[in-house]
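Novice:
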Amino acid sequence: MNKPLRRIAIFCGLLVLALLIRDNYLQYVKADQLATDKDNLRVRIERYAHPRGDIIVDGNPITGSTEVKGRQFKYKRTYKDGPMWSPVTGYSSQAFDGSQLEKIDDGILSGNDDRLFFRKTLDMITGKPQLGGNVVTTLNAAAQKAAYDGLSKQGGKGAVVALEPSTGKILALASYPSYDPSAFSGDRDGDSKAWNSLKNSKAEPMLNRALRETYPPGSTFKVVTAAAALENGLYKSADDQTNSPLPWTMPGTTTQLKNEGNIPCKNASLRTALQYSCNTVFGKIGSDLGNDKMLAEAKKFGFDSPQDTPVRAYPSVFSDNMNASQTELSSIGQYNTAATPLQMAMVASAVANDGKLMKPYMVDKLQSSNLDTVEQTSPEELSRPLSSANAQILQDMMQTVVEKGTGTNAKISGVTVGGKTGTAQHGVANSANPYAWFISYAKLPDGSSPVAVAVVIEDESANRDDISGGGLAAPIAKNVMQAVINSKK
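Under our numbering, the residues of the sequence shown are numbered 4 to 492, in order.
Following this line, the structure appears as structure tokens:
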């Protein structure tokens, strides 16, 4: 072979070798990445080539799939009571990908998860069409409806979270205003207008306020401060007199910490202070304990840590390196303190569960298309913010709040209810309407606690004097607790 031909042959051989290397690289090294790339059209076509599995509540699907004629995507997602359930489901869209459970458990719902390999292989052999698996949630349909109806009737913005204290199961997760995921579950040509309208809305209907919004918790945080006082031995019981002078000037300042109205806060017991929501008592407790001890107790309740439910909730905040007066304000739920509704439901849940905080979760199990269990969630203890004895002291105090304090609107006949109201300052120099909070739990005559709830309401149009946790939020919490109790009968 002459020299020019030999060079051409070597060059062609190198090209073939490069092609083989590239082909093997794509098939074996990059296969998984390409197979899951959201921009891979073939992946998206395959994902919507068959009905998705369903998200299940109380044994019933709250999602579905419908066939689309004349489109490259054969099926699109549908939702039942979409606005009520969207904080749980998220969305699955041919054009705009997915979110929350629809995104996290897409492999199960689409039928492409590796854990479904045996099922897929069997269906292939028997000629059955591929079907997605199911995501079975911990949600309680009656509690969710009570939560959503309460928020929508109120008409402002807000959120509700309900937990089962003994397990951490999420029973309700509502956010308002909300959106219908069915409105943009199709292709870009048909659904861009609905998508853009939601994304550009000043009301932020696609914001999951239950998990992804933090608010100053106001006086509901006094439950954490009371727990810190008991756990650190500052006070031993609910009825011991506290060292709480009135008026009280915050350390290092000339500013007096004020109470709301003419209430009996001077040297009040913890019970009386929680009943009347005394800023001076709980602010001074925070100052007396100091930043380090208050921060340690807040962290035991879950503050400063994200929570995966499996949808990730933003971490709630109790700051470090604060001086005495800043710690004082933070200890009554103001200054830098901020919490999600999930976090404050966790606070009520830990108290109700005799001091044991369970990890919150909303997926009970994952199933294959023939309902075999692929994965089962087991309850998991997250921490112990209080001893059992101190938790029972705090339960007694919270029950006084509902029996004859600021939370009487949460009373349920034949049920022991403990709670705490909160009206949190909002805006520069408290210029905007405050946030109305209520956290609570219910205990049945047998001593079990089936539900703990947190409600927050932000209503910019309400008369400022009409905004209170007891007036706006407590009735919603009562209805949610009642729904859970009724479902147990």
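Glycine included, C-beta positions come from ideal geometry on N, C-alpha and C.
Tell me whether P437 sits in a helix, a strand or coil according to DSSP, three-state version.
Specialist: Within the sequence shown, residue 437 is the residue found at index 434, counting from 1. Of the three classes helix, strand and coil, the one that applies to P437 here is strand, per DSSP.
Novice: Write down every uninterrupted run of the alpha helix (DSSP H) in the region 171-205 whose length is 4 residues or greater and which is fully enclosed by it, in chain order.
Specialist: 191-202, all fully within the region 171-205.
Novice: Identify every residue that forms a DSSP beta bridge with Y317.
Specialist: One-based indexing of the sequence shown puts residue 317 at position 314. In the DSSP output, where bridge partners are listed per residue, Y317 has none listed.
Novice: Taking the beta carbon of A199 as the centre, do at least 16 other beta carbons fall within 10 Å, making it buried, or is it exposed?
Specialist: By one-based count along the sequence shown, residue 199 stands at place 196. Looking at the sequence shown, residue 199 is not Ala but Asn. Exposed: under 16 other Cβ atoms inside 10 Å.
Novice: What do you reckon, are the CB atoms on L174 and V60 nearer than 8 Å?
Specialist: Indexing the sequence shown from 1 puts residue 174 at position 171. Indexing the sequence shown from 1 puts residue 60 at position 57. Contact: no.
Novice: On a Cα-Cα basis, can you pick out the residue from V354, K106, V404, T380 that is closest to L389?
Specialist: On the sequence shown, position 386 is the one that residue 389 refers to. Ranking the options by Cα distance to L389, first place goes to V354.
Novice: If distances are taken between C-alpha atoms only, which option among A150, S181, E300, Y279 comes closest to S204?
Specialist: Within the sequence shown, the letter at position 201 stands for residue 204. Among A150, S181, E300, Y279, the Cα nearest to that of S204 belongs to S181.
Novice: Output the boundary residues of the beta strand (DSSP E) element that contains A476.
Specialist: Here residue 476 corresponds to residue number 473 of the sequence shown, with the count starting at 1. Element bounds for A476: n/a, residue is neither H nor E.
Novice: Do the region 407-421 and the region 243-252 touch if we need at least three Cβ pairs shorter than 8 Å?
Specialist: Flag = no, the region 407-421 and the region 243-252 do not touch.
Novice: Just mark D190 as buried or exposed, buried being the case when its beta carbon has 16 or more other beta carbons within 10 Å.
Specialist: For the purposes of this step, residue 190 is identified with residue 187 of the sequence shown, where counting begins at 1. Counting Cβ neighbours within 10 Å, D190 comes out buried, since at least 16 surround it.
Novice: Identify, in the order they occur along the chain, each residue of the same chain with its Cβ nearer than 7 Å to the Cβ of L237, setting aside the five sequence neighbours on each side.
Specialist: Translated into positions along the sequence shown, residue 237 becomes position 234. I288, D291, L292.
Novice: Provide the residue(s) that pair with L369 in DSSP beta bridges, ordered along the chain.
Specialist: In the sequence shown, the residue the question calls residue 369 occupies position 366. The partner list for L369 (beta bridge, DSSP) reads V138, E378.
Novice: When DSSP builds the beta bridges, which residues end up paired with S95?
Specialist: Position 92 of the sequence shown, counted from the start, is the residue given in the question as residue 95. Paired residue(s): G101.
Novice: Using the beta-carbon count (16 or more within 10 Å), is V483 buried or exposed?
Specialist: Translated into positions along the sequence shown, residue 483 becomes position 480. Per the 10 Å Cβ criterion, buried.
Novice: Taking three-plus beta-carbon pairs below 8 Å as touching, is the region 358-377 in contact with the region 320-330?
Specialist: With the cut-off at 8 Å, the region 358-377 and the region 320-330 do not touch.
Novice: By Cβ distance, which residues of its chain are closer than 7 Å to E461, with the 5 residues on each side in sequence left out?
Specialist: Residue 461 sits at position 458 when you count from the first residue of the sequence shown. G159, K160, G161, Y438, listed in sequence order.
Novice: Determine the extent of the alpha helix (DSSP H) in which S68 is found, giving its start and end residues.
Specialist: Within the sequence shown, the letter at position 65 stands for residue 68. Where S68 is concerned, there is no enclosing alpha helix (DSSP H), although the beta strand (DSSP E) it sits in stretches over 66-70.
Novice: Find out if the Cβ-Cβ distance for the pair Q157, L397 is shorter than 8 Å.
Specialist: To locate residue 157, count along the sequence shown from 1; it is residue 154. To locate residue 397, count along the sequence shown from 1; it is residue 394. Not closer than 8 Å, so no.
Novice: For A266, name the three-state secondary structure that DSSP assigns.
Specialist: The residue you call residue 266 lines up with position 263 of the sequence shown. One point to set straight first is that residue 266 is Ile, not Ala, in the sequence displayed. If DSSP states are grouped into helix, strand and coil, I266 belongs with coil.
Novice: Which residues bound the beta strand (DSSP E) around L166?
Specialist: For the purposes of this step, residue 166 is identified with residue 163 of the sequence shown, where counting begins at 1. First-last of the beta strand (DSSP E) with L166: 160-166.
Novice: Using DSSP with H/G/I as helix, E/B as strand and the rest coil, what is Y364?
Specialist: Residue 364 sits at position 361 when you count from the first residue of the sequence shown. Looking at Y364 - three-state DSSP - the assignment turns out to be strand.
Novice: Express the C-alpha separation of A342 and S322 in angstroms, rounding to a whole number.
Specialist: Translated into the one-based positions of the sequence shown, residue 322 becomes position 319. Translated into the one-based positions of the sequence shown, residue 342 becomes position 339. The straight-line gap from Cα to Cα measures roughly 12 Å.
Novice: Is DSSP giving S222 helix, strand or coil here?
Specialist: As a working mapping, residue 222 is identified with position 219 in the sequence shown. DSSP places S222 in helix when its eight states are reduced to three.
Novice: Return the bridge partner residues of A144 from the DSSP annotation.
Specialist: For the purposes of this step, residue 144 is taken as residue 141 along the sequence shown, with counting starting at 1. A144 pairs with nothing; no bridge assigned.
Novice: Only counting the same chain, and skipping five residues up and downstream in sequence, which positions put a Cβ closer than 7 Å to that of E167?
Specialist: Indexing the sequence shown from 1 puts residue 167 at position 164. L174, P453, V454, listed in sequence order.
Novice: Leaving out five residues before and five after A206 in sequence, what residues of the same chain have Cβ atoms less than 6 Å from its Cβ?
Specialist: Taking the first residue of the sequence shown as position 1, residue 206 is located at position 203. So the list reads P180, once near-sequence residues are dropped.
Novice: Using DSSP's beta-bridge definition, name the partner residues of E384.
Specialist: Position 381 of the sequence shown holds residue 384. DSSP output for E384 lists M361 as bridge partner(s).
Novice: Quick one: is C15 buried, meaning 16 or more other Cβ sit within 10 Å of its Cβ, or exposed?
Specialist: One-based indexing of the sequence shown puts residue 15 at position 12. Exposed is the call here.
Novice: Within the chosen definition, does the region 305-313 reach the region 256-275 through at least 3 CB pairs nearer than 8 Å?
Specialist: They do not touch, by the three-pair rule.
Novice: Between which two residues does the alpha helix (DSSP H) harbouring T343 extend?
Specialist: Working through the sequence shown from its first residue, we reach residue 343 at position 340. Here T343 belongs to no alpha helix (DSSP H), and DSSP marks it neither H nor E.
Novice: For Q337, count the other beta carbons within 10 Å of its own beta carbon; 16 or more makes it buried, fewer makes it exposed. Which is it?
Specialist: On the sequence shown, position 334 is the one that residue 337 refers to. Buried.
Novice: Hey, could you find the ends of the beta strand (DSSP E) A276 is sitting in?
Specialist: In the sequence shown, the residue the question calls residue 276 occupies position 273. No beta strand (DSSP E) holds A276; the alpha helix (DSSP H) holding it covers 273-279.
Novice: Suppose you measure from the CA of T140 to the CA of I58; what does that come to, to the nearest Å?
Specialist: Translated into the one-based positions of the sequence shown, residue 140 becomes position 137. Translated into the one-based positions of the sequence shown, residue 58 becomes position 55. So the two alpha carbons sit approximately 7 Å from each other.
Novice: Quick check: what's the CA-CA separation for E216 versus G171?
Specialist: Sequence index remark: in the sequence shown, residue 216 carries index 213 (1-based). Sequence index remark: in the sequence shown, residue 171 carries index 168 (1-based). Their Cα atoms are separated by approximately 20 Å.
Novice: Do Y218 and A348 have their CB atoms nearer than 8 Å?
Specialist: Sequence index remark: in the sequence shown, residue 218 carries index 215 (1-based). Sequence index remark: in the sequence shown, residue 348 carries index 345 (1-based). No, the pair does not count as a contact, with Cβ atoms beyond the cut-off.
Novice: For D243, which of T256, L210, A229 has the nearest alpha-carbon?
Specialist: As a first step, residue 243 must be located in the sequence shown, where it is residue number 240. Closest by alpha carbon: A229.
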